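Residue numbers (my numbering): 400 to 608. Glycine included, each C-beta is placed from N, C-alpha and C at the ideal position. Just so it is clear, the structure is predicted and the values come from calculations on it, not from any experiment. Okay, so here's the structure we're looking at.
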Ligand code: PRP
Ligand code: URA
């Protein structure tokens, strides 16, 4: 079973409260999502391996540590996942980016795939699928299915807010995938919205409603 990691750092929790607030405007919402994504990138890369290199300081030579050249890939689920992309790229600028376009049919709540473009070497990379919301889990499961069909094997998931129903669904469908969230909320409502959640992430990021 993949692990669920709740990133409970005080800065993440503080900013998430303002992201949730219905009074927060589009500009501030976008900036806060970007900042929280950076902070979560710090958590999700905690176990990335290091290697030792010689470095000459102004005073002496020493053994320094650098990332061991592990290749990473970021997979935002369009469109709301794009809101977290730049914040993660600030910390991991060498990562390549693949896009998976999915939207949730408002009647059936089933994900509809409309676009996929992945780096050519995607199967060699450790991938982080990013999306602010993990609600029923349908979109996350479909995005991970797309990646696995292309031969990808090392996949993590990063969400701002998850519902217990979505976490369970992803863990059952993809038990090899660890999930990193800033908050695990209470439940889904009858329309598949996370309660208390933050509303519609795409609309709040892009001002479309
Ligand atoms: C939202 C969100 C997830 C999905 C989560 O996207 O960004 O992708 O819903 O719901 P699920 O876990 O029940 O699948 P939406 O379908 O609204 O598309 P958008 O990002 O284009 O607004
Ligand atoms: N998608 C969203 O944007 N918000 C929710 O609460 C559920 C799915």
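Practice task
Identify which residue in 429, 570, 443 and 434 has its Cα closest to the Cα of residue 693.
Solution key: Outside the modelled stretch of the chain, which goes from 400 to 608, sits residue 693, for which no answer is possible.
Practice task
Answer yes if the segment 505 to 515 comes into contact with the segment 427 to 446, meaning at least three C-beta pairs across the two stretches below 8 Å, and no otherwise.
Solution key: Counting Cβ pairs under 8 Å, fewer than three are found: no touch.
Practice task
Please report how far the alpha carbon of residue 544 lies from the alpha carbon of residue 461, in whole angstroms.
Solution key: Cα to Cα, the separation comes out at about 45 Å.
Handout entry: DSSP beta-bridge partners of residue 460
Key = BP columns for residue 460 point to 455.
Practice task
Would you check if the segment 560 to 568 and the segment 508 to 524 touch, i.e. whether three or more CB-CB distances between them fall below 8 Å?
Solution key: These segments do not touch.
Problem - Rounded straight-line distance, which links the Cα of residue 449 to that of residue 470 - result: Each residue's alpha carbon lies about 13 Å from the other.
Exercise for the section: Kindly indicate which three-state DSSP category residue 482 falls into: helix, strand or coil? Expected result: In the three-state reduction of the DSSP assignment, residue 482 falls in the helix class, which pools H, G and I.
Handout entry: Any heavy atom of the ligand PRP within less than 7 Å of residue CB: hits in chain order
Key = In chain order, the qualifying residues are 476, 477, 478, 479, 480, 501, 502, 503, 508, 510, 530, 531, 532, 533, 534, 535, 536, 537, 538, 539, 565, 591, 599, 600, 601 and 602.
Problem - In chain order, each alpha helix (DSSP H) run of at least 4 residues that lies wholly inside the segment 545 to 580 - result: The segment 545 to 580 contains these whole alpha helix (DSSP H) runs: 563 to 572.
Practice task
State buried or exposed for residue 463, treating a residue as buried only when at least 16 other CB atoms are found within 10 Å of its CB.
Solution key: Exposed, because fewer than 16 other Cβ atoms sit within 10 Å of the Cβ of residue 463.
Practice task
Would you tell me roughly how many angstroms separate the C-alpha atoms of residue 410 and residue 439, rounded to the nearest one?
Solution key: So the two alpha carbons sit approximately 10 Å from each other.
Exercise for the section: Report yes if the CB atom of residue 588 is closer than 7 Å to the CB atom of residue 401, and no otherwise. Expected result: Their beta carbons are not under 7 Å apart, which means residue 588 does not touch residue 401 by this criterion.
Problem - Candidates 542, 486, 491 and 468, of which the one nearest residue 477 by Cα - result: For residue 477, the closest C-alpha among the options 542, 486, 491 and 468 is that of 542.
Practice task
Could you name the residues that DSSP lists as bridge partners for residue 399?
Solution key: Since the first and last residues shown for the chain are 400 and 608, residue 399 lies out of range.
Handout entry: Beta-carbon proximity of residue 518 to residue 497, cut-off 7 Å
Key = In contact: residue 518 and residue 497 (Cβ atoms closer than 7 Å).
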